[in-house]
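Note sheet for the following structure.
Protein chains in written order, with my numbering: chain G, 1 to 288; chain L, 1 to 107.
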């Protein structure tokens, strides 16, 4: 068993994040950055995340991708997630279910009413008295108000609608969790993030908080900020939710898989949102 | 999911200009070599041919094989000589056929 529990000093961790950038520009930036952070930490003013990482060292998974994958995300006519956004746009106005109603009937024009919604989920659902992820909320809404059977988590329709809503939050900032109702789940999510799981015995923090930028096999370990979900993952050849991505990690460390819409999963998603609060939402993105 | 396409042409095309046309389509491109989580064999479902015509005359075409990934994307160049209707045609397994038409205006 590899011992991954030890944490390096602040500057050590920062240099680990930045050391993998090879250009001299980055080395110069790193020097400036470390000096800044060092002087700040002397004055005890560095903002830290619950996991102890400095907030201003946060990088989206986008920053860890290759040039071609970045280009794929940035160009709307190339980004395959846009196929799902178009599908979602049509579903938004489609009359469906036993009530022959559409999302648009209640919510109106998504370009206005759904602005910034995706960047503040998971959120509290008063009817079932627990936080729910955006895709879960879409499914609940479709069963409550459109009279559909509760569709499967991650069904094509749910994914397309989630992509459409994420598109409405493009370039918004992910908001901080401020609803006291969900605080117990948030705390639980934090504990889960730090807890070692599976036969391999790794916690989320072991890789994503303490070793981002290093490699796991051929893949670069990102910092795990959920800034672009649902993402079109090239490995999946499809769009997928944050929950699916997290389950991938659970499989990787050989842990029992949590339910896609279960409380464990939403706790973790909630904590990740809080950890990424203030970062830009990229709309449906592309990941390798 | 119904079939969705993304078609990208430049704005304000000048006569004689070399333009880039970019298209993608939502399609699973199932190889025929995989099995479902229940163990059943997934039958092959791929696009076999993509073609682009201007006023009925072919300007670009390609044959596709199972190794092409899902939601295939094509980018190709064309010397814009005259205005006309561009027809994009995807044909594949199980009688799959999808057509999109876009008018290209050349000044």
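Note that the Cβ used here is the ideal one computed from N, Cα and C, for glycine as well. Just so you know, these numbers come straight off a predicted model, no measurement behind them.
Exposed unless 16 or more other CB atoms sit within 10 angstroms - verdict on residue i
i              : result
residue 66(G)  : exposed
residue 81(L)  : exposed
residue 101(L) : exposed
residue 218(G) : exposed
residue 58(L)  : exposed
residue 251(G) : exposed
residue 183(G) : exposed
residue 75(G)  : exposed
residue 105(L) : exposed
residue 16(L)  : exposed
residue 191(G) : exposed
residue 61(G)  : buried
residue 222(G) : buried
residue 94(L)  : exposed
residue 137(G) : buried
residue 28(G)  : In this predicted model, residue 28(G) has a pLDDT of only 48, less than 50, meaning its place in the structure is not dependable enough to derive any value.
residue 6(L)   : buried
residue 238(G) : buried
Residue of the options minimising C-alpha distance to residue i
i              : options                           : result
residue 109(G) : 79(G), 199(G) and 91(G)           : 91(G)
residue 178(G) : 172(G), 168(G) and 186(G)         : 186(G)
residue 286(G) : 274(G), 280(G), 231(G) and 237(G) : 231(G)
residue 199(G) : 273(G), 233(G), 279(G) and 253(G) : 253(G)
residue 275(G) : 217(G), 250(G), 209(G) and 215(G) : 209(G)
residue 282(G) : 152(G), 84(G) and 169(G)          : 169(G)
residue 21(L)  : 107(L), 76(L) and 90(L)           : 76(L)
residue 25(L)  : 44(L), 41(L) and 50(L)            : 50(L)
residue 246(G) : 79(G), 204(G), 164(G) and 127(G)  : 204(G)
residue 60(L)  : 43(L), 78(L) and 70(L)            : 78(L)
residue 224(G) : 163(G), 272(G) and 145(G)         : 272(G)
residue 106(G) : 222(G), 144(G) and 213(G)         : 144(G)
residue 12(L)  : 6(L), 45(L), 83(L) and 33(L)      : 83(L)
residue 85(L)  : 99(L), 73(L) and 93(L)            : 99(L)
residue 280(G) : 207(G), 78(G) and 120(G)          : 120(G)
residue 161(G) : 262(G), 93(G) and 264(G)          : 93(G)
residue 142(G) : 82(G), 103(G), 243(G) and 58(G)   : 103(G)
residue 152(G) : 249(G), 84(G), 260(G) and 265(G)  : 260(G)
Any C-beta of chain G under 9 Å from that of residue i
i              : result
residue 42(L)  : no
residue 46(L)  : no
residue 59(L)  : no
residue 28(L)  : yes
residue 79(L)  : no
residue 33(L)  : no
residue 63(L)  : no
residue 70(L)  : yes
residue 19(L)  : no
residue 104(L) : no
residue 11(L)  : no
residue 24(L)  : yes
residue 93(L)  : no
residue 37(L)  : no
residue 6(L)   : yes
residue 2(L)   : yes
Expected contact under 8 Å - CB spacing of residue i and residue j to nearest Å
i              : j              : result
residue 122(G) : residue 113(G) : At roughly 19 Å, the Cβ-Cβ gap does not stay under 8 Å, so residue 122(G) and residue 113(G) are not in contact.
residue 97(G)  : residue 159(G) : So it is not a contact: roughly 18 Å between Cβ atoms.
residue 28(L)  : residue 19(L)  : Wrong, their Cβ atoms sit about 30 Å apart, outside the cutoff.
residue 188(G) : residue 267(G) : 4 Å
residue 197(G) : residue 278(G) : That pair is no contact at about 28 Å.
residue 135(G) : residue 227(G) : Residue 135(G) to residue 227(G), Cβ: 17 Å. No contact.
residue 1(L)   : residue 156(G) : 5 Å
residue 47(L)  : residue 96(L)  : 7 Å
residue 263(G) : residue 243(G) : That pair is no contact at about 12 Å.
residue 101(G) : residue 165(G) : About 18 Å separates the two Cβ atoms, so there is no contact after all.
Cβ of residue i within 9 Å of any chain L Cβ
i              : result
residue 84(G)  : yes
residue 154(G) : no
residue 87(G)  : yes
residue 200(G) : no
residue 234(G) : yes
residue 73(G)  : no
residue 230(G) : no
residue 238(G) : yes
residue 76(G)  : yes
residue 168(G) : no
residue 80(G)  : yes
residue 160(G) : yes
residue 110(G) : no
residue 259(G) : no
residue 90(G)  : yes
residue 157(G) : yes
beta-carbon residue i near the ligand GDP non-hydrogen atom, thresh 8 Å
i             : result
residue 14(L) : What this structure holds is no ligand at all, so the ligand GDP is not there to describe.
_List, from N- to C-terminal side, the beta strand (DSSP E) runs of 3 residues or more that fit wholly inside the segment 136 to 203 of chain G._
Those beta strand (DSSP E) runs which fall completely within the segment 136 to 203 of chain G and span 3+ residues do not exist here.
*Within the segment 216 to 276 of chain G, note down every full beta strand (DSSP E) run reaching 3 residues or more, in order along the chain.*
You should have 231 to 233 and 238 to 240.
*Which parts of the segment 11 to 88 of chain L are runs of the beta strand (DSSP E), unbroken and 3 residues or longer, counting only runs that do not cross its ends?*
Taking only runs of at least 3 residues, the beta strand (DSSP E) segments lying wholly in the segment 11 to 88 of chain L are 18 to 25, 47 to 54, 57 to 63 and 73 to 79.
*Let me know the alpha helix (DSSP H) ranges lying completely inside the segment 96 to 135 of chain G, each 4 residues or longer, listed in chain order.*
Look at the segment 96 to 135 of chain G and you find these whole runs of alpha helix (DSSP H), each 4 residues long or longer: 103 to 107 and 110 to 113.
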